[in-house]
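Note that this note's numbering has the sequence shown beginning at 10, numbered continuously upward.
Think of the CB as a built atom: it goes at the ideal place given N, C-alpha and C, for glycine as much as any other residue.
Since this is a predicted model, take the numbers as computed values, not measurements.
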Amino acid sequence: MTPDPIKARLLDGQALAVLIQQQEIAPQVAAFVSRHGRPPGLAIVLVGENPASEVYVRNKLKSGAGVGFRADLERLPATATLQDVLALVDRLNRSPLYDGILVQSPLPKTLGADAAQRVYDSIAPEKDVDGFAPESVGRMVQNRPALVACTPSGIIELLVRERIPIAGRHAVVIGRSDIVGKPMAMLLLHRDATVTICHSKTPDLAAVCRQADILVAAVGRAGLVTKDFVKPGATVIDVGMNTLTDLAAVQRMYPDGHPRLARFREKGSLLVGDVHPEVADVAGALTPVPGGVGPLTITMLMVNTLRAAQTILSTPR
Ligand code: NAP
Numbered sequence: 010m011t012p013d014p015i016k017a018r019l020l021d022g023q024a025l026a027v028l029i030q031q032q033e034i035a036p037q038v039a040a041f042v043s044r045h046g047r048p049p050g051l052a053i054v055l056v057g058e059n060p061a062s063e064v065y066v067r068n069k070l071k072s073g074a075g076v077g078f079r080a081d082l083e084r085l086p087a088t089a090t091l092q093d094v095l096a097l098v099d100r101l102n103r104s105p106l107y108d109g110i111l112v113q114s115p116l117p118k119t120l121g122a123d124a125a126q127r128v129y130d131s132i133a134p135e136k137d138v139d140g141f142a143p144e145s146v147g148r149m150v151q152n153r154p155a156l157v158a159c160t161p162s163g164i165i166e167l168l169v170r171e172r173i174p175i176a177g178r179h180a181v182v183i184g185r186s187d188i189v190g191k192p193m194a195m196l197l198l199h200r201d202a203t204v205t206i207c208h209s210k211t212p213d214l215a216a217v218c219r220q221a222d223i224l225v226a227a228v229g230r231a232g233l234v235t236k237d238f239v240k241p242g243a244t245v246i247d248v249g250m251n252t253l254t255d256l257a258a259v260q261r262m263y264p265d266g267h268p269r270l271a272r273f274r275e276k277g278s279l280l281v282g283d284v285h286p287e288v289a290d291v292a293g294a295l296t297p298v299p300g301g302v303g304p305l306t307i308t309m310l311m312v313n314t315l316r317a318a319q320t321i322l323s324t325p326r
């Protein structure tokens, strides 16, 4: 008789996020307030009315308020021009109320293909809490102190706190975006992993991924990573956030009778990752979606904002 498959240990990003926010960041914010007479300030710019962005922004504002920040939303209508966005960022750059500025992506397509980069370029480097601006990226690549992109730094935080060894291990990152894949690979490299980056042109993706001790999927394709991508016992980090609205797509991930299928029928949509649930039978550890990487991304935004505030107030003007 074959033994039952090992079920991967679930890496609970939500629980870790609550712990870091409540037990580590909030007391430091309280100390900051008593020292400087004001809280760290975070300004979030939201352009247009993207429903997913509304949810992300609401969660970021809620977490910001929860740790004791001043966290404000600056809205611009979908009809705003790139000049309007740049003017708002300029005002926030000069405001003494805000230590961190985040412009929620995606920006409306009407602003042009290079709008996001032009906006990131315009954020004052010391307030770049998303870590997307060129100075932040350059410092991060050189492994110097920097405001580092929140999703990859949250993943490192999770791996370290879960005592998953990185040094000397083979890490494979699927995805090469500027906000997740590339910085993820660089942070793993800085921690002495041997790193492979895969993308849409990588031949025999599954075979490359099967070499990974740590596999990070940052693609945006529901259930792309199946069992045959995963070496037994590997750690699998699922960054993907895909909203399924099609029953057949949900059924490809969950068998009849699965509670998540029932949830889909109730809500008409379901948030799933890039990793197929069957991977839990092979992996040693796995982040769930939701409740894995997402909450840590927000937590690292809080960490960056506090760090930015401390740096700004300790730098002579
Ligand atoms: P992105 O900019 O669209 O990049 C996706 C990457 O995946 C690209 O490098 C692309 O390759 C690669 N790719 C696409 N199809 C592929 C395939 N079939 N095989 C191998 N590689 C493939 O996306 P992103 O901004 O990095 O985000 C990735 C996912 O993470 C999305 O689902 C997003 O919603 C999610 N996300 C989650 C969080 C969080 O906090 N949990 C934060 C950010 C993003 P090419 O470069 O060759 O096109």
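By Cβ distance, which residues of its chain are closer than 7 Å to V312, with the 5 residues on each side in sequence left out? Excluding residues within five positions, the ones whose Cβ falls inside 7 Å are I34.
If you reduce the DSSP assignment to three classes, tell me which class E83 lands in. In the structure shown, E83 sits in a strand (DSSP, three-state: E or B).
Buried or exposed: T296, going by 16 or more other Cβ atoms within 10 Å of its Cβ? That one is buried.
Report yes if the C-beta distance between V204 and K236 is below 8 Å; otherwise report no. With contacts defined as CB atoms closer than 8 Å, V204 and K236 fail to qualify as a contacting pair.
Can you tell me whether M10 is buried or exposed? The criterion is at least 16 other CB atoms within 10 Å of its CB, across all chains shown. Its pLDDT being 47, under 50, M10 is placed unreliably in this model, and the value from its coordinates should be taken loosely. Counting Cβ neighbours within 10 Å, M10 comes out exposed, since fewer than 16 surround it.
Three-state secondary structure (DSSP) of V189: Annotated three-state conformation of V189 is coil, per DSSP.
Taking all protein chains shown into account, decide if P48 is buried (16 or more other Cβ within 10 angstroms of its Cβ) or exposed. It counts as buried.
Other residues of its chain near G163: CB distance less than 7 Å, five sequence neighbours each side excluded: Closer than 7 Å at the Cβ level, and outside the excluded window around G163, lie V302, L305, T306, T308 and M309.
Cα separation between V138 and A24? Taking the straight line joining both Cα atoms gives about 23 Å.
Report, in whole angstroms, the separation of the C-beta atoms of G109 and T314, which I expect to be a contact under 8 Å. Contact flag correct, Cβ pair sits at about 4 Å.
6 Å Cβ shell around S278 - same chain, five flanking residues per side excluded: Closer than 6 Å at Cβ, skipping near neighbours: T252 and T254.
Stretch pair the region 261-274 + the region 195-202: three plus CB contacts closer than 8 Å: With a cut-off of 8 Å on Cβ pairs, the region 261-274 is not in contact with the region 195-202, counting fewer than three such pairs.
Considering only DSSP beta bridges, list what N68 is partnered with. Paired residues: none, contrary to the question.
Whole angstroms are fine: how far does the CA of G242 sit from the CA of A221? Between A221 and G242, the C-alpha separation is close to 10 Å.
Starting from the C-beta of E225, find all residues in its chain whose C-beta is less than 6 Å away, skip the five residues before and the five after it, and write them out in chain order. Sequence inspection shows Val at residue 225; the Glu mentioned does not correspond to that position. Excluding sequence neighbours, V225 sits near V182, M193 and I246.
Residue environment, V169, which counts as buried when at least 16 other CB atoms sit within 10 Å: Exposed.
Segment limits, alpha helix (DSSP H) that includes G147: Its alpha helix (DSSP H) spans residues P143 to V150.
Give the DSSP-derived three-state secondary structure of G57 in the structure shown. If DSSP states are grouped into helix, strand and coil, G57 belongs with coil.
Alpha carbon to alpha carbon, what distance is there between N102 and A317? In a straight line, the C-alpha of A317 is about 13 Å away from that of N102.
Check I164 in the structure and name its three-state DSSP category. Three-state result, I164: helix.
Residues with a Cβ closer than 7 Å to any heavy atom of ligand 1, in chain order? Matched residues: T160, I183, G184, R185, S186, I188, V189, G190, C207, H208, S209, K210, T211, L214, A227, V228, G229, R230, L233, V248, G249, M250, N251, D283, V302, G303 and T306.
Rounded to whole angstroms, what's the CA-CA distance from G121 to V56? Just pull it up for me. Straight across, the Cα-Cα distance linking G121 with V56 is about 13 Å.
Determine the DSSP secondary structure at R383, reduced to helix, strand or coil. Here the chain has residues from 10 to 326 only, and residue 383 is not among them.
In terms of residues, what are the limits of the alpha helix (DSSP H) holding H45? Segment A35 to H45, the alpha helix (DSSP H) holding H45.
Could you please give the first and the last residue of the uninterrupted alpha helix (DSSP H) stretch that includes I307? From DSSP, the alpha helix (DSSP H) with I307 extends over V302 to S323.
Which residue from P60, I53, Q92 and M149 puts its Cα closest to that of A74? The option with the nearest alpha carbon to A74 is I53.
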